[in-house]
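Colleague: This is the structure I want to talk about, given as structure tokens.
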Amino acid sequence: CKRCVDPKKAIGYAHSLLKSKRLRCVLIGGGEGNKALSKAVSTSMMGCFSKLRKKKEIPVERTCLYGGNTVIPEEMRMKLWKAQTLICENSTSAFSWVSSIP
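In structure tokens form, the structure reads like this:
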């Protein structure tokens, strides 16, 4: 488990783990209840998912958005849904999802 604030570092770390066959999943989330950050975090998250999948190296079934601490706009939800990215609304569902990944 590695927590990254900078999306570029997170993407680099995910690719590094994938190459070493140690990547279990990529769980992106944020906001931590700060409404002023919600829009910036949402935009950053969407960009992060796009970059992770650009080279089609990160399997979509190993990506998830944790939305428990921020409001996820409907437009973003639809984009993620169309891209087949899971959205977890609370820590219980996120933990269950991570636990189910081999």
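So the sequence shown is numbered by the numbering used here: it starts at 61 and just counts up by one.
Beta carbons: idealized from backbone N, C-alpha and C, even for Gly.
The model shown is predicted, which means the values in this text are computed figures rather than measured ones.
Should THR145 and THR130 be called a contact, given that it needs their Cβ atoms to be closer than 7 Å?
Modeller: Stepping through the sequence shown from its first residue, residue 145 is reached at position 85. Stepping through the sequence shown from its first residue, residue 130 is reached at position 70. Cβ atoms of THR145 and THR130: not closer than 7 Å.
Colleague: When the Cα of SER153 is compared with those of MET138, TYR126, ALA143, MET136, which residue comes out closest?
Modeller: What you label residue 153 is simply residue 93 of the sequence shown in a count that begins at 1. Nearest of MET138, TYR126, ALA143, MET136 to SER153, Cα basis: TYR126.
Colleague: Count the other CB atoms, across all protein chains shown, that sit within 10 Å of the CB of VAL120; report buried if there are 16 or more and exposed otherwise.
Modeller: By one-based count along the sequence shown, residue 120 stands at place 60. With fewer than 16 other Cβ atoms within 10 Å, it is exposed.
Colleague: Return helix, strand or coil for LEU83, following the three-state DSSP convention.
Modeller: As a position in the sequence shown, residue 83 is number 23, starting the count at 1. DSSP places LEU83 in coil when its eight states are reduced to three.
Colleague: In this structure, what does DSSP give as the bridge partners for ARG89?
Modeller: As a working note, residue 89 is residue 29 in the sequence shown. It is worth fixing the name first, because residue 89 is Gly in this sequence and not Arg. Bridge partners of GLY89: TYR126.
Colleague: Ignore the nearest five residues each way along the sequence and tell me which others in SER110's own chain have a CB closer than 7 Å to its CB.
Modeller: Taking the first residue of the sequence shown as 1, we reach residue 110 at position 50. Excluding positions up to five away in sequence, the list is empty.
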